[in-house]
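Numbering (mature numbering (1 follows the signal peptide of the UniProt record, and there is no 0)), first residue to last: -20 to -1, 1 to 236.
C-beta atoms are modelled at their ideal positions from N, C-alpha and C, and glycine is treated no differently.
Read the structure below first, then the notes.
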Amino acid sequence: MTLFTKAFCIATLFTGFASANEELKVGSSITPHADILRFIKPKLQKQGYDLKIYEFNDGVIPNVMVENGELDANYFQHEPYLKEFNQRQSTHLVKVASIHIEPMAVYSKKHKEFNPEEGQNISIPNNPTNESRALRIVASKGLIEIKDNELITPLDITKNPKKLKFVELKDTQLTRSLDDVDYSLINSNFAILAGLNPVKDGFYTESKYSEYGNIIAVKEGNENLPKIKALVKALQSDEVKKFIEEKYQGALIPTF
């Protein structure tokens, strides 16, 4: 039994298309990536590709499946996470295109602005790349100073004049922590699931030029396959840009 059959995923399979079409298997996060892929499915169908979307709530399995050839591509991660994953897992995955950024923002149920007082607590993601991202946001506000490392944790804070306390949690726990902490730094895909929008509800929104744009990743050597080029072209279209802007209202920002 292969990893593909063992993996916990929801295969979104569409019927009624010509069986002669070439399969294009893409792994994605449930929200918002799968929604965007479903939007381009009819366009790819007309070009002779039967897009099959496999939805995951996991950041490891879709990369392993691309490495093993069980998926053609995936769409759920940013490039810093991909690089860290390659180093940790000895995989050979590469970015082929950036599609959108899910801005990380500061949220609070207790305060109306991001101006923490001494000793207040802030929840942040506990995975290496998003934790670094969150701490850099706090540092950019002049609240802490940090070491100039590629990946940073609270142990890399060199100055913390307000003695802020950082609570490290899984991404999926951050929105639930809002009742218990003063502030939380949350990536938009998790904020969306809780009904939060970085523009309307957050205190900070990253630029679309941030390095944390969500990408299409493939195994090294497959970048120029016709079906991968077709996937990228369909995603980096004016129609998709309009779809993202209208549906997500600033919670996602196109990066192309």
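Nearest-angstrom Cα separation, counted from residue j out to residue i
i: Q57; j: R68; result: 15 Å
i: E130; j: S112; result: 8 Å
i: V40; j: G175; result: 26 Å
i: Y163; j: Y192; result: 21 Å
i: P42; j: N204; result: 20 Å
i: G7; j: L51; result: 7 Å
i: D160; j: N1; result: 52 Å
Residue i and residue j closer than 8 Å at C-beta
i: A85; j: T185; result: yes
i: T109; j: I126; result: no
i: L158; j: K92; result: no
i: V147; j: Q229; result: no
i: L144; j: I124; result: yes
i: residue 268; j: F170; result: Here the chain has residues from -20 to 236 only, and residue 268 is not among them.
i: I172; j: A231; result: yes
Exposure of residue i, with buried meaning 16 or more beta-carbon neighbours within 10 Å
i: P22; result: exposed
i: K207; result: buried
i: S103; result: buried
i: P141; result: exposed
i: L4; result: buried
i: E47; result: buried
i: E35; result: buried
i: E219; result: exposed
i: G182; result: buried
i: S168; result: buried
i: N95; result: exposed
Contact set for residue i: own chain, Cβ-Cβ below 7 Å, skip 5 residues either direction
i: I233; result: H80, I81, P83, K188
i: R133; result: According to the sequence provided, residue 133 is Thr. The question's Arg does not apply to it. Cβ within range, chain order: E111.
i: I10; result: E35, N37
i: I33; result: T(-9), V6, S8, A14, L17, R18
Proximal residues to residue i (C-beta, below 6 Å), its chain only, five neighbours per side dropped
i: F236; result: Q216
i: H13; result: Y55, F56
i: A(-3); result: Only weak support is given to the placement of A(-3): the predicted model assigns it a pLDDT of 40, under 50, and the question is left unresolved by the model.
Residues near residue i in its chain [Cβ-Cβ closer than 8 Å; skip 5 each side]
i: F223; result: I16, F19
i: D128; result: none
Residue i beta carbon near the ligand GDP (any heavy atom closer than 7 Å)
i: T71; result: What this structure holds is no ligand at all, so the ligand GDP is not there to describe.
For a minimum of 4 consecutive residues, which ranges assigned as the alpha helix (DSSP H) are wholly contained in the region 52 to 88? Fully enclosed alpha helix (DSSP H) runs of 4 or longer: 59 to 69.
Kindly provide the ranges of any alpha helix (DSSP H) runs that are 4 or more residues long and lie completely inside the region 79 to 166, ordered along the chain. Those alpha helix (DSSP H) runs which fall completely within the region 79 to 166 and span 4+ residues are 108 to 120.
Going along the chain, which unbroken runs of the alpha helix (DSSP H) with 4 or more residues stay wholly within the region 182 to 229? Unbroken alpha helix (DSSP H) runs of no fewer than 4 residues, entirely contained in the region 182 to 229, are found at 206 to 215, 218 to 228, following chain order.
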